[in-house]
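The structure appears below as structure tokens.
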Amino acid sequence: MASGAALVTGFVLPARPPPANHVHSRTRGCRSLRFHHNRARTYLPCSDTRRLFGCAPDRGHLKVARAEGYPAMDGTNDGSPSSKLHTRLRLWEFPDCYIFEPIDGLADLFLSVSRANGTMNLVEALPPRGSSTPKVQTVYGVIGVLKLAVGSYFLVITDRDCVGSYLGHAIFKVTGLKVLPCNNALTTTSAEQKKMESEFSELLDAAERTIGLHFSYDINLTLSAQRLHDLGDEYKSLPLWRQAEPRFLWNSYLLEPLIENKLDQYLLPVIQGSFQNIHAEVGSEKVNVTLIARRCTRRIGTRMWRRGADAEGYAANFVETEQIMQSKGFTASYVQVRGSMPFLWEQIVDLTYKPSFDIVRQEEAPRVLERHFHDLQKKYGAVLAVDLVNTGGGEGRLRERYAKSIEPILSEDVRYVHFDFHRVCGHIHFERLSQLYEQIKDYLKQHRYFLINDKGEKIEEQTGTVRTNCIDCLDRTNVTQSMIGGKILESQLQRIEVLGVDDTISNHPAFDTNYKVLWANHGDAISIQYSGTPALKGDFVRYGKRTTQGIVNDLRNALARYYLNNFVDGTKQDAMDLLQGHYMTSVSRDMAVPRKGGLLENYASFRLAFALVMGALMFMMMSLRHARNDVRHLLLSLLWAGLCIGITHFVKANGRTFTNRPRFHQSRH
């Protein structure tokens with residue numbers, strides 16, 4: 001590979017065998033969806049992927065060779081075959097049951113699942129075939145089981161892409177999900193229960209489109225490299241699901257039925273976030289940089305329907321970002337986090353472009369914030385809170401509440417820095433972030449980063465983290481985190497003498513360019529999961545400067561966010577709550593789906609309001625054409641104009657009612 005060249009990965013592994021007898025979607029027997037995201041990402045040919053990460057097919061299995069010269073870090077599942085996770089299963093769809101047949105050589109027993117009620121048991125052989133031939137396809141894991149009021153639903157992985165390796169172990173991205181209904185009993189239930197299940201079925205449609213899911217069969221992807229290194233041998237011998245960090249285990253609730261049935265080989269831990277790699281040369285040395293995002297599930301949700309923190313101190317859009325560097329036999333890691341301002345506040349959509357901020361129960365803010373930072377200290381040590389919101393306006397009120405509430409707990413281990421990103425940097429001068437770096441560089445040097453040598457011996461330990469926030473914790477936050485990550489990477493490369501003492505990443509243009517693309521892709525992935533669009537200001541992260549095309553993209557994405565937040569995200573939020581167990585329908589078979597209260601709430605629709613306004617406008621224009629010769633048409637046109645204005649005013653006054661609201665959402669007032 002030429003000096004300075006780099007490859008950005010996120011590639012499709014072509015060695016995957018195609019599923020047989022693929023079942024079409026929207027049949028009562030099953031739902032299926034195959035999706036691909038981030039089409040702009042660079043895809044590498046098979047030969048490049050194998051050379052880069054050691055991913056190579058072996059009789060239908062996938063092996064990832066450990067990187068030569070690097071320590072083998074555990075926290076892995078390398079025990080007996082009975083403790084290993086199944087990597088490939090043959091799914092048989094019989095009329096009365098689903099059969100999962102292991103085809104990876106790890107077990108002889110099959111898992112049988114009743115299609116009537118979802119009960120599970122292990123069997124020694126396939127049931128006898130009837131007159132019809134069962135449908136068969138290969139699946140790559142069971143994400144879990146969702147229990148609804150009528151029947152259960154199994155979520156299985158029908159497609160995966162190998163996106164790289166984490167400390168020598170293959171990491172996969174879910175690119176195909178399938179929902180297997182176990183609700184044959186639906187034919188004997190009441191009409192009301194059928195209607196209820198049909199309504200929840202709409203949420204399953206949204207659940208199938210969940211993006212950013214990643215997993216490994218061999219290593220605990222929920223823990224950082226430093227925490228994996230510090231695990232004791234006894235802890236490492238546990239099944240992966242028992243090692244997992246609960247905050248980042250996306251399918252924690254879905255795994256519960258499998259745990260109850262002691263199906264350890266089917267308990268596949270999954271995270272939501274992103275996994276990005278670059279592999280490059282800086283001078284004569286090879287450098288591998290990985291970015292991992294781990295999304296916390298405690299207050300998971302969409303941009304406008306999950307703001308602030310809950311009463312327990314769990315913040316919305318809380319994401320742990322780990323940057324891992326490997327070179328010359330050394331492995332280094334740095335962890336930083338982002339999350340919404342950790343007190344109770346809302347910003348409920350109401351058809352305006354920027355809804356007002358509402359601080360809820362202000363007297364509780366210090367307590368909630370203290371719980372949040374106490375939890376961060378237990379997990380990361382010292383915490384530096386970097387607040388990027390505006391000084392004035394609605395954001396200014398939030399900043400004042402944040403600064404006032406955090407003041408009682410400020411200490412050597414909890415610090416707070418406010419940096420008005422928009423006032424200092426504007427919309428084009430992001431290089432002025434250097435002013436922020438000057439304020440925090442002593443803290444970064446004091447609390448260091450994690451570093452081990454080729455023998456696995458710890459040389460440095462990270463003793464504190466940086467917690468960054470803006471309003472969304474997306475655009476300004478990603479620009480700032482990429483700056484911090486770059487400074488840390490420079491110090492790591494200087495420490496192991498890949499860079500000289502006064503050398504910087506910017507002196508190596510090819511590596512610098514691909515490192516910026518790495519962070520831009522990372523920010524886009526986090527943003528799409530929370531807001532539905534790529535991150536704004538991504539051109540600066542990607543190219544180091546603002547561009548005309550970047551500004552145009554920001555405008556388009558801002559308009560897309562407005563549409564999604566007002567007319568799509570309510571249903572998406574309900575689907576997230578359903579998958580996380582925040583709303584459980586298995587408590588009672590008689591419980592009803594939450595419904596809107598009044599007549600207006602039941603029938604309000606922005607599409608209906610828009611159609612009425614357009615219809616009135618059309619009749620007004622038709623009347624105006626004849627108004628010169630007929631006073632009656634002039635009066636009619638005035639009537640239609642008044643109707644347009646009246647409907648528009650009514651919709652604006654009742655904006656919250658006309659949006660796509662979550663049915664499970666309750667205001668915290």
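For the sequence shown, the positions run 1 to 669 when UniProt numbering is used.
All residues carry an ideal CB built from backbone N, CA and C; glycine is no exception.
The model shown is predicted, which means the values in this text are computed figures rather than measured ones.
Proximity of residue 157 and residue 254 at Cβ, strictly below 8 Å:
no
Counting C-beta neighbours from all protein chains within 10 Å, is the total for residue 507 16 or more, i.e. buried, or is it exposed?
exposed
Helix, strand or coil for residue 414, going by three-state DSSP, please let me know.
strand
How should residue 84 be labelled, buried or exposed, when 16 other C-beta atoms within 10 angstroms of its C-beta is the threshold for buried?
buried
Just confirm the distance between the C-beta atoms of residue 498 and residue 519, as a whole number of angstroms; I'd bet it's less than 8 Å.
About 19 Å; that fails the 8 Å criterion.
Sequence-distant residues of its chain with Cβ nearer than 8 Å to residue 397 (five each side left out):
357 and 359
Beta strand (DSSP E) segment containing residue 362, residue limits
Here residue 362 belongs to no beta strand (DSSP E), and DSSP marks it neither H nor E.
In angstroms with no decimal places, state the Cα-to-Cα distance between residue 390 and residue 638.
45 Å
Strand pairing of residue 516, partner residues [DSSP]:
Looking at the DSSP assignment, residue 516 forms no beta bridge with any residue, so it has no partner.
With the cut-off set at 8 Å, would you say residue 339 and residue 373 are in Cβ contact?
no
What residue ranges within the region 218-287 form continuous beta strand (DSSP E) runs of no fewer than 3 residues, ordered along the chain?
270-282
Answer yes or no: do residue 525 and residue 274 have a C-beta to C-beta separation smaller than 8 Å?
yes
Between the alpha carbons of residue 481 and residue 213, how many angstroms are there, rounded?
22 Å
Distance, Cα to Cα, residue 661 vs residue 176?
28 Å
Which same chain residues, not among the five before or five after residue 570, have their C-beta less than 6 Å away from its C-beta?
660, 661 and 662
Assuming the contact rule is C-beta atoms closer than 8 Å, residue 465 and residue 402 should be a hit. Round their C-beta distance to whole Å, please.
Actually they are not in contact, since the Cβ atoms of residue 465 and residue 402 sit about 18 Å apart, beyond 8 Å.
I'd like the list of long-range same chain contacts for residue 475, defined as Cβ closer than 6 Å, with 5 residues on each side in sequence excluded.
535, 536 and 537
Distance between residue 531 and residue 614 (C-alpha atoms, nearest Å):
29 Å
At least 3 beta-carbon pairs within less than 8 Å: the region 551-569 vs the region 288-308:
yes
Cβ contact (3+ pairs, closer than 8 Å) linking the region 122-138 and the region 196-208
no
Could you tell me whether the region 327-345 touches the region 484-491, where touching means 3 or more Cβ pairs closer than 8 Å?
yes
For residue 473, does the three-state DSSP call read helix, strand or coil?
coil
Give me, in chain order, the residues of the same chain whose beta-carbon lies closer than 8 Å to that of residue 560; leave out the 5 immediate sequence neighbours on both sides.
532 and 533
Residue nearest to residue 100 in terms of C-alpha spacing, selected from 107, 573 and 111:
111
Anticipated Cβ contact below 8 Å, residue 399 with residue 418, distance rounded:
6 Å
Three Cβ pairs or more, each shorter than 8 Å: is that satisfied between the region 89-104 and the region 219-233?
no
Output yes if chain B places a C-beta closer than 8 Å to the C-beta of residue 384; else output no.
The structure shown contains no chain B; it is built from a single protein chain.
Name the two residues that bound the continuous alpha helix (DSSP H) containing residue 670.
No statement about residue 670 is possible, as the shown extent of the chain runs from 1 to 669 and does not include it.
Using only alpha-carbon positions, find the residue among 259, 94 and 224 that is nearest to residue 676.
Outside the displayed range of the chain (1 to 669) lies residue 676, so it cannot be described from this structure.
Along the chain, where does the alpha helix (DSSP H) containing residue 442 start, and where does it finish?
434-447
Which value, in whole angstroms, describes the spacing of the CA atoms of residue 267 and residue 443?
40 Å
Output yes or no for whether 8 Å exceeds the beta carbon distance between residue 458 and residue 279.
no
Going along the chain, which residues of its own chain have a beta-carbon closer than 7 Å to the beta-carbon of residue 649, five neighbours each way excluded?
none
Do you know how far the Cα of residue 270 is from the Cα of residue 166?
14 Å
Would you report the Cα separation of residue 516 and residue 543, rounded to the nearest angstrom?
7 Å
Using 8 Å for Cβ pairs, my map puts residue 153 next to residue 179. What's the rounded Cβ distance?
5 Å
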